[in-house]
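Below is one structure, written out as structure tokens, with a few remarks after it.
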Amino acid sequence: MTAYLLRIFIKMAVTLFAILTITFIATRLSGNPIDTFLGEGLTAEGREKLIAYFQLDRSLWHQYLAFLRAAASGDFGLSFVERRPVTQVIASRIWPSAQLLLTSVSLTLLVSIPLGVLAAVYRKSWIGSAVMVIAFAGYAVPAFILAIVMILIFSYTLNWLPVVGNGSFLHFIMPTIALSGVLVAALTRFTRNAMLDVLGQEYIRTARAKGLSEFWVVMRHGLGNASITVISVIGLQIASLAAAGSVVVESIFSWPGIGQLLVNAAIVRDYPVLQFGVITVAVAVVLINAVTDIAYALADPRIRLAKS
Amino acid sequence: MFRLMLTTALSAALTTAAFAADITVGAANVSPYLDPGRDHSNVGSQFYYNSFDTLIDRDHTKLESVWVPALATSWELIDPTTMELKLRHGVTFHNGEAMTADDVVFSLNRMFQATFAPYAVRAKDRLGNFSGAEKVDDYTVRIHAVREEPLWETLVSLQQIMIIPEDYTKGLTGDPAVAEDSDYEAFSMAPVGTGPYKVAEFMPGEKIVWERFDNFWGDKAPLDRATVVQISETASRITALKTGEADIVTNIAPDQLSLIDNDPALKTEGAATALFHVMIMNQNNPKLKDPRIRQAMSLAIDRDTLNEALWQGKAIVPSSHTMMEMGDLYMPELKTFEYDPEKAKALLKEAGYDGFEITYDTAATYYTNGLLAAQAIMEMWAAVGINGRVNVQDQWSGNDPEMMARNWSNPMYFADPFGSFGVMWAPNGPSEGEGRFNTDADYAEKWDRFRFSKDVDARRAAYAELMERIKQDPPVLPLYRPFESWGMKQSVNWAPQPGHIPYVLDFRAGSISLAGS
Numbered sequence: 001m002t003a004y005l006l007r008i009f010i011k012m013a014v015t016l017f018a019i020l021t022i023t024f025i026a027t028r029l030s031g032n033p034i035d036t037f038l039g040e041g042l043t044a045e046g047r048e049k050l051i052a053y054f055q056l057d058r059s060l061w062h063q064y065l066a067f068l069r070a071a072a073s074g075d076f077g078l079s080f081v082e083r084r085p086v087t088q089v090i091a092s093r094i095w096p097s098a099q100l101l102l103t104s105v106s107l108t109l110l111v112s113i114p115l116g117v118l119a120a121v122y123r124k125s126w127i128g129s130a131v132m133v134i135a136f137a138g139y140a141v142p143a144f145i146l147a148i149v150m151i152l153i154f155s156y157t158l159n160w161l162p163v164v165g166n167g168s169f170l171h172f173i174m175p176t177i178a179l180s181g182v183l184v185a186a187l188t189r190f191t192r193n194a195m196l197d198v199l200g201q202e203y204i205r206t207a208r209a210k211g212l213s214e215f216w217v218v219m220r221h222g223l224g225n226a227s228i229t230v231i232s233v234i235g236l237q238i239a240s241l242a243a244a245g246s247v248v249v250e251s252i253f254s255w256p257g258i259g260q261l262l263v264n265a266a267i268v269r270d271y272p273v274l275q276f277g278v279i280t281v282a283v284a285v286v287l288i289n290a291v292t293d294i295a296y297a298l299a300d301p302r303i304r305l306a307k308s
Numbered sequence: 309m310f311r312l313m314l315t316t317a318l319s320a321a322l323t324t325a326a327f328a329a330d331i332t333v334g335a336a337n338v339s340p341y342l343d344p345g346r347d348h349s350n351v352g353s354q355f356y357y358n359s360f361d362t363l364i365d366r367d368h369t370k371l372e373s374v375w376v377p378a379l380a381t382s383w384e385l386i387d388p389t390t391m392e393l394k395l396r397h398g399v400t401f402h403n404g405e406a407m408t409a410d411d412v413v414f415s416l417n418r419m420f421q422a423t424f425a426p427y428a429v430r431a432k433d434r435l436g437n438f439s440g441a442e443k444v445d446d447y448t449v450r451i452h453a454v455r456e457e458p459l460w461e462t463l464v465s466l467q468q469i470m471i472i473p474e475d476y477t478k479g480l481t482g483d484p485a486v487a488e489d490s491d492y493e494a495f496s497m498a499p500v501g502t503g504p505y506k507v508a509e510f511m512p513g514e515k516i517v518w519e520r521f522d523n524f525w526g527d528k529a530p531l532d533r534a535t536v537v538q539i540s541e542t543a544s545r546i547t548a549l550k551t552g553e554a555d556i557v558t559n560i561a562p563d564q565l566s567l568i569d570n571d572p573a574l575k576t577e578g579a580a581t582a583l584f585h586v587m588i589m590n591q592n593n594p595k596l597k598d599p600r601i602r603q604a605m606s607l608a609i610d611r612d613t614l615n616e617a618l619w620q621g622k623a624i625v626p627s628s629h630t631m632m633e634m635g636d637l638y639m640p641e642l643k644t645f646e647y648d649p650e651k652a653k654a655l656l657k658e659a660g661y662d663g664f665e666i667t668y669d670t671a672a673t674y675y676t677n678g679l680l681a682a683q684a685i686m687e688m689w690a691a692v693g694i695n696g697r698v699n700v701q702d703q704w705s706g707n708d709p710e711m712m713a714r715n716w717s718n719p720m721y722f723a724d725p726f727g728s729f730g731v732m733w734a735p736n737g738p739s740e741g742e743g744r745f746n747t748d749a750d751y752a753e754k755w756d757r758f759r760f761s762k763d764v765d766a767r768r769a770a771y772a773e774l775m776e777r778i779k780q781d782p783p784v785l786p787l788y789r790p791f792e793s794w795g796m797k798q799s800v801n802w803a804p805q806p807g808h809i810p811y812v813l814d815f816r817a818g819s820i821s822l823a824g825s
């Protein structure tokens with residue numbers, strides 16, 4: 001087990017190191033901060049001064065080594081734009097994003113799994129069709145459209161819900177729904193398909209023949225087995241959401257999260273923020289994958305038992 | 309019932325103190341740092357005046373320059389290159405320290421004799437004539453100029469030399485007796501000034517909270533508290549105003565004004581900003597070497613039509629690089645830039661223009677109406693036979709030798725042509741530095757006469773000569789002064805004041821009041 005964990009750890013470290021190096025090189029090849037956000041109204045001499053001040057006049061190789069040396073001691077430098085350590089910049093932004101991710105994932109699970117089960121069980125009645133129509137519609141509506149339409153109805157017209165920031169429970173409602181929309185649609189369909197697949201299996205007929213109530217057949221033997229597929233899908237979806245999915249929603253609702261920060265950092269080439277931000281997101285994705293793996297193992301006795 | 313519950317919860321969440329003078333501003337952008345010295349951005353200029361003071365201030369209700377005492381109570385020239393200023397007694401910084409001549413000398417010399425690179429670049433273009441400041445006694449300082457300075461008050465009232473506390477700043481990092489670069493970096497995250505509002509909370513790019521500073525030397529601040537939150541999406545800003553989450557919102561585009569004005573509880577205030585959106589043309593692009601081609605590019609553009617179509621006629625189209633804020637140096641009689649399509653056609657023919665493509669770079673959203681203006685300009689160019697193409701890209705291309713034309717802005721950093729044209733188009737200034745504008749000894753001599761002549765008429769004459777040079781070999785066309793609007797509740801009495809540089813959110817006494825408080 002220790003060897004297994006060690007192997008995972010080494011793999012993670014190599015992945016992160018590769019991501020770091022690629023980010024370092026890619027950002028520097030695509031333009032520099034002096035010509036983007038610092039550039040307006042600079043004399044040639046002033047430009048040279050700033051380039052020297054931000055130590056961008058050194059060779060790429062030199063910058064890279066200096067960065068690695070500092071990073072090894074936990075110093076990822078000052079943001080070029082916000083003049084404070086990037087670790088602080090990212091730390092102040094990560095919690096709001098994580099909160100939103102949590103509420104969105106919870107909502108997604110609470111809504112899409114029952115819907116998916118319903119759609120599978122009642123696949124031949126209007127209930128099943130209605131759920132699938134909603135799911136397809138949800139899939140077709142991008143988050144920013146959903147967000148704007150909700151704002152128009154619930155804030156602009158009815159004045160029920162706030163649109164700015166993350167100050168209270170009410171602030172979570174629209175961003176959570178906007179972010180969950182596509183996820184719910186996707187997961188409902190996956191759950192339905194997985195359930196249909198499972199409900200057609202022999203052991204379901206056996207369970208019914210044993211005289212179990214239909215509810216227990218569906219919930220325990222049906223959903224229990226379908227959840228293996230569902231969990232792996234959820235893991236992937238959350239990871240993609242954590243990496244980039246929330247940028248638009250955060251921007252519309254002025255959510256002080258990491259998505260907007262990284263987009264702005266990319267536009268103005270704030271190298272230190274980009275570097276540390278990418279590492280943070282990469283770590284998050286790696287962790288989410290690990291959690292998914294564990295959940296997957298717990299849900300599937302074949303994996304659970306094989307590993308133990 | 310559901311609605312009642314929600315509204316109750318909402319008001320509980322949003323109302324902090326029912327009768328306090330407390331407002332929230334929804335701003336398109338909140339600064340990533342707060343340091344008046346290194347900053348000259350349109351985003352930053354919103355915030356400094358509430359928290360910092362200059363030695364000399366101006367009456368911001370007036371368009372013309374009327375100088376009023378601020379941290380200096382009086383000032384006089386004791387010789388042609390030395391100004392002596394008497395400092396106000398009893399001024400306290402937000403951290404409780406008393407302001408003395410040491411703080412003033414420190415604040416001035418951090419710019420005049422800058423060692424910190426971000427200060428040095430801002431100081432050079434506008435404060436370059438000042439060699440240093442010295443303390444005479446605890447409440448008297450002297451500022452030394454290299455050459456006789458015609459713009460003393462104008463330059464001493466610049467945002468970049470607002471006064472900050474010496475001991476506090478030096479003590480932020482490292483050795484408390486030395487001003488290190490890291491002290492200035494730390495200051496920009498925890499700013500302290502002498503103004504009527506202290507920065508109680510600052511979350512870069514997100515939020516600024518001002519609280520009334522009770523020991524302010526001047527008139528008591530009218531607001532207990534003002535919170536600025538960044539709401540980058542226009543639709544969200546307008547909605548926040550409607551829902552009551554914001555009392556004032558910034559940067560409302562002309563086509564959105566009716567959304568606010570149609571609501572009886574809301575209103576808009578606006579002004580033509582002291583800033584030009586300009587088109588720049590690269591004098592050194594081989595294809596545009598012949599000035600007649602650039603003249604034609606400029607003459608083909610009907611700026612009045614752009615104003616009507618994009619700004620509902622509310623923008624201001626200038627006849628020269630001049631603004632009415634510039635007082636004696638306002639020269640609308642100069643006809644540097646005109647619309648004359650026939651002349652444009654003739655010039656193109658003379659220059660032997662063969663229909664090669666001329667690109668016009670613009671970012672998609674950076675300047676309000678920037679992309680629409682670019683597209684309209686292509687039509688206007690086509691009408692005189694210029695084969696133009698809009699090139700949409702976010703990257704700044706002003707320093708790219710391949711660049712042919714693009715949009716840019718020339719803000720008025722202070723109310724003199726030196727604060728606008730004079731910075732951007734100085735010999736060895738930013739435009740020449742980027743390699744798209746050339747000057748020679750003759751231009752430098754004219755610029756120097758315009759900058760340093762003691763006599764107003766001599767300055768005017770020199771400026772007219774500079775404009776003639778620009779007309780003959782054009783590197784720039786000012787398109788218009790954009791009309792900038794703020795939306796607010798009817799209960800808020802606030803409007804941008806004519807005596808400020810662009811975008812200042814002035815919440816000082818006399819500048820804002822709330823009905824019912």
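Note that the protein sequences, when read in sequence, are chains H and R. Numbering follows this note's numbering, with no gaps: position 89 of the first sequence is 89. Every position in the second sequence, counted from 1, becomes a number in this note's numbering once 308 is added. By construction, the Cβ of each residue, glycine as well, lies at the ideal position given by its N, Cα and C atoms. None of the values given here were measured: they were computed from a predicted structure.
Applying a beta-carbon distance threshold of less than 7 Å, which residues of chain H neighbour residue i?
i	result
V784 (chain R)	In chain order: nothing, as chain H lies at least about 13 Å away.
Residues in the same chain with beta-carbon distance under 8 Å from residue i, minus the five sequence neighbours each way, listed in chain order, please.
i	result
T448 (chain R)	E392, L393, K394, L395, A409
L435 (chain R)	M419, F420, L463, L466, Q468, I469
D569 (chain R)	K575, T576
P810 (chain R)	N350, S353, T581, A582, L583, P719, M720, E792
Is it true that the CB of residue j sits closer than 7 Å to the CB of residue i?
i	j	result
R600 (chain R)	E541 (chain R)	no
P530 (chain R)	S799 (chain R)	no
I238 (chain H)	I288 (chain H)	yes
G501 (chain R)	F360 (chain R)	yes
A672 (chain R)	L679 (chain R)	yes
K370 (chain R)	G807 (chain R)	yes
Could you tell me how far apart the beta carbons of residue i and residue j are, in whole angstroms, since I believe they sit closer than 8 Å?
i	j	result
Y271 (chain H)	F80 (chain H)	7 Å
G334 (chain R)	V537 (chain R)	6 Å
E488 (chain R)	G482 (chain R)	5 Å
Taking 7 Å as the limit between beta carbons, can you name the residues of its chain near residue i, skipping five residues before and five after?
i	result
L170 (chain H)	L161, P162
R611 (chain R)	V625, Y647, L787, Y788
V374 (chain R)	R366, D367
G743 (chain R)	N592, N707, P709
P96 (chain H)	N166, W255, P256, G257
I609 (chain R)	Y647, I685, M688, L785
V263 (chain H)	V247
Which residues of chain H have a Cβ atom closer than 9 Å to the Cβ of residue i, listed in chain order?
i	result
T547 (chain R)	I151, L152, S155, Y156, V163, V164
N736 (chain R)	T43, A44, E45
For residue i, which residues in chain R fall below 8 Å Cβ to Cβ?
i	result
L50 (chain H)	A425, P426, V429
E82 (chain H)	P340, Y341, M497, P512, G513
I234 (chain H)	Those do not exist, as I234 (chain H) stays about 29 Å from chain R at its closest Cβ, beyond 8 Å.
Please return the same chain residues whose Cβ sits closer than 6 Å to the Cβ of residue i, not counting the five positions on each side in sequence.
i	result
I267 (chain H)	none
A341 (chain R)	Note on residue identity: the sequence assigns Tyr, not Ala, to residue 341 (chain R). Cβ neighbours of Y341 (chain R) beyond the five flanking positions: S496.
A207 (chain H)	V217, H221
L385 (chain R)	M391
Below 7 Å on C-beta distance, what does residue i contact in chain R?
i	result
L78 (chain H)	E493
Y122 (chain H)	Residues of chain R passing the Cβ test: none, with the nearest at roughly 29 Å.
G31 (chain H)	Q703
Using the beta-carbon of each residue, which ones in chain H are nearer than 8 Å to residue i?
i	result
A543 (chain R)	I148, I151, I252
S540 (chain R)	S251, S254, Q260
Report the neighbours of residue i on chain R: residues whose CB is nearer than 9 Å to its CB, in chain order.
i	result
S92 (chain H)	M511, P512, E514
Any heavy atom of the ligand SAH closer than 6 Å to the Cβ of residue i?
i	result
T542 (chain R)	The ligand content of the structure shown is nil, which means the ligand SAH is not present either.
- Identify every run of the beta strand (DSSP E) within the segment 699-729 of chain R, keeping only runs that are complete inside it and at least 3 residues long; order them along the chain. 713-719
- Task: Let me know the alpha helix (DSSP H) ranges lying completely inside the segment 10-77 of chain H, each 4 residues or longer, listed in chain order.
- Result: 44-53, 60-72
- Go through the segment 448-480 of chain R residue by residue and report every complete run of the alpha helix (DSSP H) that reaches 4 residues or more, in order. 460-464, 474-478
- Which runs of the alpha helix (DSSP H) fall wholly inside the segment 625-660 of chain R and span at least 4 residues, in chain order? 649-659
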